[in-house]
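Student:
Numbering (this note's numbering), first residue to last: 1022 to 1389.
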């Protein structure tokens, strides 16, 4: 079996990492006025360098900044795109007990315009401080719509969803173009909306708005394709399919079978990070729809809980997946990031390190 020189790598990870204590404190102190922006950035820089060293020491080939500069995985996008603001989501997170948590979501307050780079500064610092492949994560385009559906954009600003998506896709194309020009070779779009549309409860809520879930799915796939249209062939575009990740809670349940054939074949991404850490994700049979040339990164190691599966458990699941897809089209990662927000998941830094180490060790055993 072959080691990969182009991302995604056999041992990969989604991107976000647990914020160290000094980062959490810095966010509080900056927003309360106790430290200025220069000091805030200095602490971020220092912490990111430490995170880079950790990833390199563990043997990871794709390196992220842990999203240490962001309050949440989508906050930097809203902050740097004119016309966006924050409101209340129409959906809620939940845990295994059924306890629910509301959350905030992007909303439109004006015509969209990319007034500055969204992740350019993040890439520049990251790339300067690692010899490995610098990976940039960006919130997915459908995230800018799904959490409030068509209530996201007032009709006096955007008369139709199509008009809104047209401006939104332009923002993404400009950002990807500039990241490519800066030398970025690995971009991942983090998506929660498409997995949400496989959940019967969410399908019902969407239908109650007069929107056909399958039509919305098609709109989202078209939106993705418009956003990455014209990108360079030597840049890997990956999509992370997430069921929500907030302090260990989730947004949706349901497997991939409902949208797999359309999604894997019509969306023009190179790779897909799929969550497969719990039975909520369904079985591996949808992988039979993945065309040759595309890579599936199996998210088999939970990032939500301290418990860690055995290496043999992970290897067995990879073997199960090969009943439906060639092993050369597979890679391994944790199921999600470790901290979609500053708060992070209910695990320790040592848990995180052990899980990332397991990914590297298992990948070495499976692919060599």
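Quick reminder that beta carbons are idealized off the backbone N, C-alpha and C, glycines included. Computed from a prediction, not measured in an experiment: that's the story for all the values here.
State the Cα-Cα distance for the pair residue 1356 and residue 1318, rounded to the nearest angstrom.
Tutor: Position 335 of the chain shown holds residue 1356. Position 297 of the chain shown holds residue 1318. Whole-angstrom Cα-Cα distance: 9 Å.
Student: Kindly list the residues whose CB is nearer than 6 Å to the CB of residue 1044, restricted to its own chain and excluding five residues on each side of it in sequence; keep chain order.
Tutor: Walking along the chain shown from the start, residue 1044 turns up at place 23. Only 1068, 1089 meet the Cβ criterion.
Student: Could you tell me the alpha carbon to alpha carbon distance between residue 989 and residue 1246, rounded to whole angstroms?
Tutor: The shown model of the chain, from 1022 to 1389, leaves out residue 989, and the question about it has no answer.
Student: Across the segment 1337 to 1348 and the segment 1306 to 1317, are there enough close Cβ pairs to call them in contact, namely three or more that are closer than 8 Å?
Tutor: In short, these stretches touch, since the Cβ pair count reaches three.
Student: Check the DSSP bridge columns for residue 1160 and list the partner residues they point to.
Tutor: For the purposes of this step, residue 1160 is taken as residue 139 along the chain shown, with counting starting at 1. DSSP output for residue 1160 lists 1211 as bridge partner(s).
Student: Return the chain-ordered ranges of every alpha helix (DSSP H) run that is complete within the segment 1042 to 1075 and spans a minimum of 4 residues.
Tutor: If we require 4 residues or more, the alpha helix (DSSP H) runs fully inside the segment 1042 to 1075 come out as 1042 to 1052.
Student: Which term fits residue 1042, buried or exposed, when burial requires 16 or more other beta carbons within 10 angstroms of its beta carbon?
Tutor: Translated into the one-based positions of the chain shown, residue 1042 becomes position 21. Exposed, because fewer than 16 other Cβ atoms sit within 10 Å of the Cβ of residue 1042.
Student: Could you pull the DSSP bridge partners for residue 1262 from this structure?
Tutor: Numbered from 1 along the chain shown, position 241 holds the residue referred to as residue 1262. Per DSSP, 1212, 1295.
Student: By how many angstroms is the C-alpha of residue 1153 removed from the C-alpha of residue 1082?
Tutor: The count along the chain shown starts at 1 and reaches residue 1082 at position 61. The count along the chain shown starts at 1 and reaches residue 1153 at position 132. About 6 Å.
Student: Assign residue 1369 to one of two classes, buried (16 or more other C-beta atoms within 10 Å of its C-beta) or exposed (fewer than that).
Tutor: As a working note, residue 1369 is residue 348 in the chain shown. Exposed.
Student: Hey, how far is the Cα of residue 1243 from the Cα of residue 1079?
Tutor: Counting from one through the chain shown, the residue named residue 1243 turns up at place 222. Counting from one through the chain shown, the residue named residue 1079 turns up at place 58. Answer to the nearest angstrom: the Cα atoms are 38 Å apart.
Student: Going by C-alpha to C-alpha distance, which of 1383, 1175, 1375, 1384 sits closest to residue 1075?
Tutor: The count along the chain shown starts at 1 and reaches residue 1075 at position 54. Out of 1383, 1175, 1375, 1384, 1375 has the C-alpha closest to the C-alpha of residue 1075.
Student: Nearest CA to the CA of residue 1036: which residue from 1070, 1148, 1085, 1205?
Tutor: As a first step, residue 1036 must be located in the chain shown, where it is residue number 15. Out of 1070, 1148, 1085, 1205, 1085 has the C-alpha closest to the C-alpha of residue 1036.
Student: Report the residue ranges of all beta strand (DSSP E) runs contained in full by the segment 1126 to 1162; include only those spanning at least 3 residues, in chain order.
Tutor: Segments of the beta strand (DSSP E) lying fully in the segment 1126 to 1162: 1157 to 1160.
Student: Alpha carbon to alpha carbon, what distance is there between residue 1026 and residue 1195?
Tutor: For the purposes of this step, residue 1195 is taken as residue 174 along the chain shown, with counting starting at 1. For the purposes of this step, residue 1026 is taken as residue 5 along the chain shown, with counting starting at 1. Going by the C-alpha atoms only, they are around 27 Å apart.
Student: Quick one: give me the first and last residue of the alpha helix (DSSP H) that residue 1281 is part of.
Tutor: Here residue 1281 corresponds to residue number 260 of the chain shown, with the count starting at 1. 1281 to 1287 is the extent of the alpha helix (DSSP H) around residue 1281.
Student: What did DSSP end up calling residue 1352 once you bin it into helix, strand or coil?
Tutor: As a position in the chain shown, residue 1352 is number 331, starting the count at 1. Strand.
Student: Using a Cβ distance threshold of 8 Å, determine whether the segment 1098 to 1108 contacts the segment 1133 to 1148, with at least three qualifying pairs required.
Tutor: Short answer: they touch.
Student: Taking all protein chains shown into account, decide if residue 1063 is buried (16 or more other Cβ within 10 angstroms of its Cβ) or exposed.
Tutor: Residue mapping note: residue 1063 aligns to position 42 of the chain shown, counting from 1. Residue 1063 should be labelled exposed.
Student: Compare the C-alpha of residue 1351 against each of 1341, 1360, 1358, 1166 and name the closest.
Tutor: As a working note, residue 1351 is residue 330 in the chain shown. If we check each option's Cα against that of residue 1351, 1341 comes out closest.
Student: Of the choices 1353, 1171, 1361, whose alpha-carbon is the least far from that of residue 1028?
Tutor: Along the chain shown, read from residue 1 onward, the residue named residue 1028 stands at position 7. Selected option, being the one with the closest Cα: 1353.
Student: Would you tell me roughly how many angstroms separate the C-alpha atoms of residue 1156 and residue 1337, rounded to the nearest one?
Tutor: In the chain shown, counting from the first residue as 1, residue 1156 sits at position 135. In the chain shown, counting from the first residue as 1, residue 1337 sits at position 316. Residue 1156 and residue 1337: Cα-Cα distance of roughly 28 Å.
Student: If you drop the 5 nearest sequence neighbours on each side, which residues of the same chain put their C-beta closer than 6 Å to that of residue 1186?
Tutor: What you label residue 1186 is simply residue 165 of the chain shown in a count that begins at 1. Contacts found: 1244.
Student: Drop a sphere of 10 angstroms on the beta-carbon of residue 1333, count the other beta-carbons inside from all chains shown, and report buried for 16 or more, exposed for fewer.
Tutor: Along the chain shown, one-based indexing puts residue 1333 at 312. Exposed: under 16 other Cβ atoms inside 10 Å.
Student: Have a look at the DSSP bridge pairing and note the partners of residue 1108.
Tutor: Counted from its first residue, the chain shown places residue 1108 at position 87. DSSP, once it has assigned bridges, lists 1126 as partnering residue 1108.
Student: Can you name, in chain order, every residue of its own chain whose Cβ lies under 8 Å from the Cβ of residue 1262, other than the five neighbours on each side?
Tutor: Within the chain shown, numbered from 1, the residue matching residue 1262 stands at position 241. The answer, listed in chain order, is 1212, 1215, 1216, 1277, 1293, 1294, 1295, 1296.
Student: Terminal residues of the continuous alpha helix (DSSP H) containing residue 1249?
Tutor: On the chain shown, position 228 is the one that residue 1249 refers to. Run containing residue 1249: 1234 to 1249, per the alpha helix (DSSP H) assignment.
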